[in-house]
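**Q**
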Amino acid sequence: MGVNAGNALLLIASWINLLFYMLEIVLVFKYFQRPRRPLWHKIGVATFMVADTICTVGVCWQAYLVLLVFPCVDLGETGFPPSLFWPVSLTILATYATASVEQAFLCSLFFSLTQRRFITGLFVFSIFFHLGFSWASSVLVLKAQSPGGSAFTTTQIGAISCAVTDVSIAAALAFSFYRMESRTVKGRTTQTLLRRLGVLSLTSGVVVASITLLTVIALLKGLNVYIIFFFCQGRAYALTILANFLLGLPGISEPDCDPNGSTRNASTRRTDTGVVFHVNYTPRSANTAQPESLNLEELSDNVSDNVKALKAHPDPD
Numbered sequence: 001m002g003v004n005a006g007n008a009l010l011l012i013a014s015w016i017n018l019l020f021y022m023l024e025i026v027l028v029f030k031y032f033q034r035p036r037r038p039l040w041h042k043i044g045v046a047t048f049m050v051a052d053t054i055c056t057v058g059v060c061w062q063a064y065l066v067l068l069v070f071p072c073v074d075l076g077e078t079g080f081p082p083s084l085f086w087p088v089s090l091t092i093l094a095t096y097a098t099a100s101v102e103q104a105f106l107c108s109l110f111f112s113l114t115q116r117r118f119i120t121g122l123f124v125f126s127i128f129f130h131l132g133f134s135w136a137s138s139v140l141v142l143k144a145q146s147p148g149g150s151a152f153t154t155t156q157i158g159a160i161s162c163a164v165t166d167v168s169i170a171a172a173l174a175f176s177f178y179r180m181e182s183r184t185v186k187g188r189t190t191q192t193l194l195r196r197l198g199v200l201s202l203t204s205g206v207v208v209a210s211i212t213l214l215t216v217i218a219l220l221k222g223l224n225v226y227i228i229f230f231f232c233q234g235r236a237y238a239l240t241i242l243a244n245f246l247l248g249l250p251g252i253s254e255p256d257c258d259p260n261g262s263t264r265n266a267s268t269r270r271t272d273t274g275v276v277f278h279v280n281y282t283p284r285s286a287n288t289a290q291p292e293s294l295n296l297e298e299l300s301d302n303v304s305d306n307v308k309a310l311k312a313h314p315d316p317d
């Protein structure tokens, strides 16, 4: 019995999806173990966890139908069996639901760092735009009982607009991170800079934007490898958010005593938290640098104040 390339890629894609999904479960469990998490962040994490669970069910459902119920059948020649449209539709719905949650979190981070309402508004509009077309495509797939025609056109519009949204938000965040790092961080070693670059690429959405671009390119060119990128796309969105919430960057080690000789208590010591990045700045009224942690989990409390302080007291070149 022969195995065609499309079925083999579907099997590989389902395995990779399950690996990322299990990693996501572990990180979500770790996240909810942390005390005093903001309620709306918990709602967001729970939302994309439910969406990714539905998506993984859809992926496994497709793999079961194609590999066991209809083994070694070239769907491009024989057409899709009716029972396959439901899992396809669920996968589309869940993937772009997770995408929207991730993009909304990154928009919140961008606005907290820059206070640019117009650009943030454009990002929010693009989120709703691609979500509308993507969900419409899943409905059209069920209604027309075909992945082609208007359903495929709508899918293309949704995928392209989602990729544009991902790239735009990632570029805006990466530029904001770069400006703050270049103004406040001095004397970093090459190894440290490369490590921070890798972390910031993940937390700013550059990695998931690259996956989305590869997905769109494969879709437009009609490549079978598209299914690998698309099945893992939702998990990449979720892991981006979890990286922002859980990934701690080691800062400058600080002694228990300040320069005046007084011992700092536990409330003034910096603790390791899920950090997007650290910035060090020197206020004009002080002689020592004060480390601050900009954390997506703590945006409502201290990010705006930190950004204002940076703008008011920039480091001299």
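Be aware that the sequence shown starts at 1, since it is given in UniProt numbering, and climbs by one per residue. Quick reminder that beta carbons are idealized off the backbone N, C-alpha and C, glycines included.
Classify Phe158: buried if its beta carbon has 16 or more other beta carbons within 10 angstroms, exposed otherwise.
**A** If you number the sequence shown from 1, residue 158 lands on position 158. In the sequence on display, residue 158 carries Gly and not Phe. Its Cβ being crowded by 16 or more others within 10 Å, Gly158 is buried.
**Q** With distances taken between CB atoms, is the gap from Ile54 to Ala94 smaller than 9 Å?
**A** By one-based count along the sequence shown, residue 54 stands at place 54. By one-based count along the sequence shown, residue 94 stands at place 94. Result yes, Cβ atoms of Ile54 and Ala94 sit closer than 9 Å.
**Q** Which residues in the same chain as Val124 place their Cβ atom closer than 7 Å to its Cβ, once the five residues preceding and following it in sequence are excluded?
**A** Against the sequence shown, residue 124 aligns to sequence position 124. For Val124, where only same-chain residues beyond five positions count, the Cβ hits under 7 Å are Cys107.
**Q** Can you give, in chain order, each stretch of the beta strand (DSSP E) that sits fully within the stretch 10-75 and has at least 3 residues?
**A** Listed in chain order, nothing qualifies, since the stretch 10-75 has no complete beta strand (DSSP E) run of 3 or more residues.
**Q** Which residues mark the beginning and the end of the alpha helix (DSSP H) in which Lys87 is found?
**A** In the sequence shown, counting from the first residue as 1, residue 87 sits at position 87. Here residue 87 turns out to be Pro, not Lys, going by the sequence shown. Run containing Pro87: 85-114, per the alpha helix (DSSP H) assignment.
**Q** Just to confirm my understanding: we take Leu9, look at its own chain, exclude 5 residues before and 5 after, and list those with CB closer than 8 Å. What are they?
**A** Residue 9 sits at position 9 when you count from the first residue of the sequence shown. So the qualifying residues of the chain are Asn224, Val225, Ile227, Ile228.
**Q** Mapping DSSP to helix, strand and coil, what is Leu220?
**A** What you label residue 220 is simply residue 220 of the sequence shown in a count that begins at 1. Correct three-state label for Leu220: helix.
**Q** Using CA atoms only, rank isn't needed, just tell me which of His41, Met49, Ile12 is closest to Phe245.
**A** In the sequence shown, counting from the first residue as 1, residue 245 sits at position 245. Comparing Cα-Cα distances from Phe245 to each of His41, Met49, Ile12, the minimum goes to His41.
**Q** With DSSP collapsed to three states, give me the class of Asn7.
**A** Stepping through the sequence shown from its first residue, residue 7 is reached at position 7. Of the three classes helix, strand and coil, the one that applies to Asn7 here is helix, per DSSP.
**Q** Taking C-alpha atoms, which residue in Ala136, Cys60, Val28 lies nearest to Ala46?
**A** Reading the sequence shown from its first residue, position 46 is the one you call residue 46. Of Ala136, Cys60, Val28, the residue nearest in Cα terms is Val28.
**Q** Quick one, are the C-beta atoms of Val139 and Pro147 less than 9 Å apart?
**A** As a first step, residue 139 must be located in the sequence shown, where it is residue number 139. As a first step, residue 147 must be located in the sequence shown, where it is residue number 147. No; because the gap between Cβ atoms is not below 9 Å, this pair is not in contact.
**Q** Using the Cβ count rule (16 or more neighbours within 10 Å means buried), how would you classify Thr155?
**A** Here residue 155 refers to the residue found at position 155 when the sequence shown is read from its first residue. With 16 or more other Cβ atoms within 10 Å, it is buried.
**Q** Can you tell me where the alpha helix (DSSP H) holding Gln145 begins and where it ends?
**A** Counting from one through the sequence shown, the residue named residue 145 turns up at place 145. Taken as a continuous stretch (DSSP letters only), Gln145 belongs to no alpha helix (DSSP H), as it is neither H nor E.
**Q** Would you decide whether Arg34 is buried or exposed? Buried here means 16 or more other CB atoms lie within 10 Å of its CB.
**A** Residue numbering aside, residue 34 sits at position 34 when the sequence shown is read from its first letter. Its Cβ having fewer than 16 others within 10 Å, Arg34 is exposed.
**Q** Tell me which same chain residues have a C-beta within less than 6 Å of the C-beta of Asp48, skipping the five on either side of it?
**A** As a working note, residue 48 is residue 48 in the sequence shown. Per the sequence shown, residue 48 should be read as Phe rather than Asp. Answer for Phe48: Thr98, Val101, Ala238, listed in chain order.
**Q** Assign Val225 to one of three DSSP states: helix, strand, or coil.
**A** By 1-based counting over the sequence shown, the position of residue 225 is 225. The answer is coil: DSSP assigns Val225 none of H, G, I, E or B.
**Q** Three or more C-beta pairs closer than 8 Å, one from the stretch 50-65 and one from the stretch 107-120: is that the case here?
**A** Result no; under three Cβ-Cβ pairs closer than 8 Å.
**Q** Which one of Ala170, Ile92, Pro87 has the shortest CA to CA distance from Leu109?
**A** Position 109 of the sequence shown, counted from the start, is the residue given in the question as residue 109. Ranking the options by Cα distance to Leu109, first place goes to Ala170.
**Q** In three-state terms, what does DSSP make of Gly158?
**A** Here residue 158 refers to the residue found at position 158 when the sequence shown is read from its first residue. Three-state DSSP puts Gly158 in a helix.
**Q** Using 8 Å for Cβ pairs, my map puts Ala174 next to Val207. What's the rounded Cβ distance?
**A** The residue given as residue 174 occupies position 174 in the sequence shown. The residue given as residue 207 occupies position 207 in the sequence shown. Between Val207 and Ala174 the Cβ distance is about 11 Å, and since that is not below 8 Å, they are no contact.
**Q** When DSSP labels each residue in this structure, what does Gly205 get in the three-state scheme?
**A** The sequence position of residue 205 within the sequence shown is 205, counting from 1. Three-state result, Gly205: coil.
**Q** Would you mind sorting Leu39 into buried or exposed? The rule is 16 or more other CB atoms within 10 Å of its CB.
**A** One-based indexing of the sequence shown puts residue 39 at position 39. Label assigned to Leu39: exposed.
**Q** Under a three-way DSSP split, which group does Pro82 fall into?
**A** Residue numbering aside, residue 82 sits at position 82 when the sequence shown is read from its first letter. Correct three-state label for Pro82: helix.
**Q** Can the beta-carbon of Phe20 be found less than 9 Å from the beta-carbon of Ala236?
**A** To locate residue 20, count along the sequence shown from 1; it is residue 20. To locate residue 236, count along the sequence shown from 1; it is residue 236. Yes, Cβ-Cβ distance for Phe20 and Ala236 is below 9 Å.
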